[in-house]
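If you read the sequence shown in full-length UniProt numbering, its first letter stands for residue 1, the second for the next number, and so on.
Here a beta-carbon is modelled for each residue, glycine too, at the ideal position from N, C-alpha and C.
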Amino acid sequence: MSQAQDLQDLPEGVTQELLDEDDFETVADYHRLAARHFSAAADHHLAAAAAAEDGEHEATARHAHLAYRHQLHGVQYAEVATLDNDELEDEYLEPEDEGEEGQDHAQ
1 MSQAQDLQDL
11 PEGVTQELLD
21 EDDFETVADY
31 HRLAARHFSA
41 AADHHLAAAA
51 AAEDGEHEAT
61 ARHAHLAYRH
71 QLHGVQYAEV
81 ATLDNDELED
91 EYLEPEDEGE
101 EGQDHAQ
């Protein structure tokens, strides 16, 4: 399924912003893009729920698939935002060893 098909049910402004995602370059831009994809995923989940209640199986499946794809894109952009942030120090990226409590979580 193409990106244009993924975006067919979104408002026009959001659609254009997502289509222009190649123009995003800063960490803040990646965070915004991740948020927009997560928002689009939520919208599709709500549409899937409404379609399911109405017994529209094809629409339910389509919206569920679109929600999943937007969620994946959101996670990817969130990862890029985190990994490309040169200002984050390793202490924020790696969990600290908290002694016995840390060992309990590892088990």
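Under the three-state reduction of DSSP, Asp54 is assigned to coil, being neither helix nor strand. Cβ-Cβ separation between Ala51 and His65: approximately 12 Å, too far for a contact (criterion under 8 Å).
Per the C-alpha coordinates, the member of Ser39, His37, Ala59, Arg36 positioned closest to Ala47 is Ala59. CA-CA distance, Ala35 to Gly74, rounds to 7 Å.
Non-local beta-carbon contacts of Asn85 in its own chain, meaning distances under 6 Å to residues more than five positions away in sequence, involve Val27 in chain order.
The beta carbons of Ala41 and Ala67 sit about 5 Å from each other, so the pair counts as a contact at 8 Å.
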